[in-house]
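S.K.: Protein chains in written order, with the working numbering: chain W, 1 to 208; chain P, 1 to 208.
We put the CB at the ideal spot given by N, CA and C, even for glycine.
Being a predicted model, the structure only gives us computed values, none of them experimental.
Attaching a single structure in C-alpha cells format; questions to follow.
There are 2 protein chains.
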Amino acid sequence: MSIIDAAASVFCREGFAGANIDLIAAEAGVSRQTIYNHHRDKEKLFTAVVRDLTERCNAGIFATFASFPDQPRDLEGDLIGFAVRMNQNCICNRDGRFLRKLIQTEGERYPELFGEWRDQGPGRTWPALAARFARLAHAGHLAVDDPDVAARQFLALANAELQTTFMLGGMPSEDEVLQSATHGVRTFLRAFGKRRSAAAVEKQLASA
Amino acid sequence: MSIIDAAASVFCREGFAGANIDLIAAEAGVSRQTIYNHHRDKEKLFTAVVRDLTERCNAGIFATFASFPDQPRDLEGDLIGFAVRMNQNCICNRDGRFLRKLIQTEGERYPELFGEWRDQGPGRTWPALAARFARLAHAGHLAVDDPDVAARQFLALANAELQTTFMLGGMPSEDEVLQSATHGVRTFLRAFGKRRSAAAVEKQLASA
DNA sequence: ACAAATTTAGACAGTCTTGTCTAATTCGTC
DNA sequence: GACGAATTAGACAAGACTGTCTAAATTTGT
C-alpha cells in the first residue's frame with residue numbers, strides 16, 4: 001500500500017491528532033524516515049492526502065456523470081441506476097468515505113485546504129449535474145424550474161435513507177443503496193416528472 | 001461554563017485524541033483535579049458529554065414536534081415554518097452541531113455508545129415524525145404511502161442546500177436555512193401534496 | 001560491476017499528556 | 001465561628017509522539 005493510501009486510512013481511523021506516523025509507516029510497509037523524506041512533516045502529509053482524495057473522487061464523479069441518462073428510455077429506472085452508481089462508485093466507496101470523514105473531522109482546522117476542496121469538489125460537480133438536469137428538462141423529460149436546486153435535491157433524496165449510516169462512517173449494503181435510490185428517485189419524479197398532466201393528477205386524486 | 005459544556009466544546013474542536021484536559025479545565029474555570037473527581041477519566045468524561053448532548057437534542061426535537069402543523073391552515077407555509085424551527089432549534093444550534101460532529105468523528109471508536117445514541121435519537125425521533133405525516137395524510141392533507149420514507153425525505157429535502165456547510169461544521173445563516181426549507185418543502189409538496197379545492201379544505205376544516 | 005541515490009533501523013532529545021498525589025485553601029452548613 | 005466536604009495549585013512519574021541524526025544496507029541506473 002502506498003504511503004498516501006496508508007496515511008488516508010490511519011488519518012481516517014484515528015483523526016489527525018491521534019494518527020501515529022510509525023503506524024502509517026508500518027501500514028505502508030516503509031520506514032518512518034522515508035515518510036519524512038517524501039513529505040516534510042505530518043501536516044504536509046495530511047494535506048497531500050486530502051488533495052489526492054479530492055482528485056480521485058472528482059475523477060470518479062465525472063466518470064459516473066458520463067453514464068447520466070441524457071436520452072432516457074425508462075426515466076425512473078435510468079435515474080435509479082444513475083443514483084446507485086453515484087453512491088456505489090463515488091460516495092460509499094473507500095475514497096469517498098475517507099474524504100468525507102476527513103472533511104468532517106478536520107475541515108475547520110485547515111480552512112484554505114478545504115476551501116480548495118469546496119471549489120474543486122462541490123463547486124465543479126454540482127453545476128455539472130445541474131446542467132444534466134437542465135438538459136433533461138429542456139428535452140421535455142422533466143419539469144424543473146431551478147436545475148441547481150433540483151440537482152442538490154436529487155442527491156439529497158437519493159441518500160435520504162443512508163444518512164445515519166454515513167454519520168457513523170459505515171458502509172451501506174448494496175440493498176440499502178438500491179432502496180434509498182429507488183425511494184428517492186420516485187419522490188423526485190413525483191415532484192419533477194412530466195408524465196402526468198394536471199388533469200390526470202386531479203383524476204387520480206379523485207379516484208383515491 | 002459547566003465542565004460538560006466546556007468538554008463538549010473542546011472535544012468538538014480538537015477531537016478526542018487532540019482534546020487536552022487542562023484546556024477543558026481552563027475553559028470550564030475549574031482545576032484539572034475537579035474534572036478527575038467528577039469523571040473518572042477522559043473516556044468517562046467523553047461518554048458523559050455524548051449522553052448529555054443526546055438528551056438535550058432529543059428534548060429540543062420533541063419540543064419542536066409540538067409545533068408540527070397537525071391542522072394546517074397554510075400547509076406550505078406551516079411546513080416551511082416547521083422545517084425552519086427544526087433546523088434552527090435542533091440541527092444548527094450549538095448542541096446539534098456538537099453532537100453531529102462527535103458522532104461523525106468518534107462514532108466508530110465507541111460502537112455501544114453510539115448504538116445507544118442511534119436508539120435514543122433517530123430511533124425515537126424518526127418514527128415520531130413519521131406519525132405526524134401519517135396523521136396529515138389520514139386527514140387528507142397529503143398523499144403519502146410510506147410515512148417513514150416521507151419523514152426521512154422531508155428532512156433530507158429541508159437540509160438539501162445546507163449539506164456542504166454541515167460537512168465543514170459551519171453554521172448556516174438564517175437566510176440559508178429559510179431558502180433550503182422553502183425549496184425543500186415546495187418539492188416535498190409537489191411530490192406528496194394533494195391539490196385540493198379551496199371548498200374541500202374549508203369543508204374539512206369546518207368538520208374538524 | 002560500480003557508483004550514486006534511496007531506504008532502513010535504531011537511537012535520541014525535546015515536548016506533551018494523562019492520571020495521581022499532597023498540602024493548602026475555599027465553600028457550605030449548622 | 002467551626003467543622004467537614006469540596007476545590008485548588010502544583011509537583012510528579014510514566015508513557016507516547018514528533019522530527020532529527022547516523023551509519024549500514026539496499027536499490028537503481030549505467
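#1: Beta carbon of F68 (chain P), beta carbon of R132 (chain P): below 8 Å?
#2: Under 8 Å by Cβ, that's how I've got A17 (chain P) and V49 (chain P) pegged, so tell me the actual separation to the nearest angstrom.
#3: Who are the near neighbours of K203 (chain W) in its chain, counting only those whose CB is closer than 8 Å to its CB and skipping five residues on each side?
#4: Drop a sphere of 10 angstroms on the beta-carbon of Q153 (chain W), count the other beta-carbons inside from all chains shown, and report buried for 16 or more, exposed for fewer.
#5: List the residues of chain W that F114 (chain P) touches, going by C-beta distances under 7 Å, in chain order.
#6: In its own chain, which residues sit with a C-beta less than 7 Å from the C-beta of A78 (chain P), not counting the 5 before and 5 after it?
#7: When the cut-off is 8 Å and only beta carbons count, does I103 (chain W) lie next to chain P?
#8: Based on Cα-Cα distance, which residue from P:G121, P:A158, P:L168 lies nearest to V84 (chain P)?
#9: Give a yes or no on whether the minimum CB-CB distance between T164 (chain W) and chain P is below 8 Å.
#10: By the criterion of Cβ-Cβ separation under 8 Å, what are the contact partners of Q120 (chain P) in chain W?
#11: Using a Cβ-Cβ cutoff of less than 7 Å, which residues in the same chain neighbour D119 (chain W) once the five nearest sequence positions on both sides are dropped?
#12: Need the endpoints of the alpha helix (DSSP H) that P122 (chain P) sits in, please.
#13: Check whether the Cβ atoms of L142 (chain P) and L136 (chain P) lie closer than 8 Å to each other.
#14: Looking only at C-alpha atoms, which of W:A160, W:P127, W:T164 sits nearest to P147 (chain W)?
#15: Is it buried or exposed, A66 (chain W), if we count other Cβ atoms within 10 angstroms and call 16 or more buried?
#16: Looking at the secondary structure, which residues open and close the alpha helix (DSSP H) in which A17 (chain P) lies?
#17: Quick one: using the 10 Å Cβ neighbour count with 16 as the cut-off for buried, is G107 (chain W) buried or exposed?
#18: Please check if any C-beta of chain W sits within less than 8 Å of the C-beta of A131 (chain P).
#19: Strictly below 7 Å CB to CB, what residues from chain P border G96 (chain W)?
#20: Does the separation of the CB atoms of V10 (chain P) and A19 (chain P) fall below 8 Å?
#21: Within its chain, find whatever has a CB closer than 7 Å to the CB of L205 (chain P); leave out the 5 residues flanking it on each side and keep chain order.
#22: Are the beta-carbon atoms belonging to N89 (chain W) and G121 (chain W) less than 8 Å from one another?
#23: Can you list, in chain order, the residues of the stretch 6–21 of chain P whose Cβ is nearer than 8 Å to any Cβ on chain W?
#24: Interface residues of chain W around R152 (chain P) at Cβ under 8 Å?
#25: For K194 (chain P) versus G140 (chain P), is the C-beta spacing smaller than 8 Å?
#26: Give the residues of chain W in contact with R235 (chain P), contact being defined as C-beta atoms less than 8 Å apart.
#27: Between G107 (chain P) and chain W, is there a C-beta pair that is closer than 8 Å?
#28: Distance cutoff 8 Å, beta carbons only. Does A199 (chain W) sit that close to anything in chain P?
#29: Can you name the residues of chain P whose CB is closer than 7 Å to the CB of V149 (chain W)?
#30: Skipping 5 residues on each side, what residues in its chain have a beta carbon closer than 8 Å to that of S2 (chain W)?
#31: Could you tell me which of P:I24, P:R100, P:R40, P:T34 sits nearest to L168 (chain W), measuring between CA atoms?
#32: Considering only residues of the stretch 134–188 of chain P, which uninterrupted alpha helix (DSSP H) runs meet the minimum length of 4 residues and lie entirely inside it, listed in chain order?
M.R.: Quick look at the numbers:
#1: yes
#2: Not really, about 15 Å apart at Cβ, beyond 8 Å.
#3: Bear in mind that a pLDDT of 48 at K203 (chain W), under 50, signals an unreliable position, so the number given afterwards is only what the model happens to contain. Answer for K203 (chain W): no residue qualifies.
#4: Burial call: buried.
#5: Correct list: L168.
#6: Strictly speaking, residue 78 (chain P) in this sequence is Asp, with Ala absent from that position. Here the set comprises P69, P72.
#7: yes
#8: The shortest Cα separation from V84 (chain P) among P:G121, P:A158, P:L168 belongs to P:A158.
#9: Taking Cβ atoms only, chain P reaches closer than 8 Å to T164 (chain W), which makes this a yes.
#10: Ordered by position in chain W, no residue passes the 8 Å Cβ test against Q120 (chain P), which lies about 13 Å from the chain.
#11: Same-chain partners within the cutoff: there are none.
#12: 122–138
#13: yes
#14: W:P127
#15: Around the beta carbon of A66 (chain W), fewer than 16 other beta carbons lie within 10 angstroms, which makes this residue exposed.
#16: 3–18
#17: buried
#18: no
#19: What G96 (chain W) touches in chain P: nothing, since even the nearest Cβ is about 12 Å away.
#20: yes
#21: With a pLDDT of 49 at L205 (chain P), under the threshold of 50, the modelled position of this residue cannot be trusted; read the value that follows with caution. So the list is empty, once near-sequence residues are dropped.
#22: no
#23: R13, E14, G15, F16, A17, G18
#24: A160, E161, Q163
#25: yes
#26: Because chain P is modelled from 1 through 208, residue 235 (chain P) falls outside the range shown and cannot be assessed.
#27: yes
#28: Low confidence applies here, because A199 (chain W) scores a pLDDT of 45, under 50, leaving its location unreliable and the question unanswered by this model.
#29: H183
#30: Sequence-distant Cβ neighbours of S2 (chain W) in its own chain, meaning closer than 8 Å and more than five residues away, are A28.
#31: P:R100
#32: 147–158, 163–167
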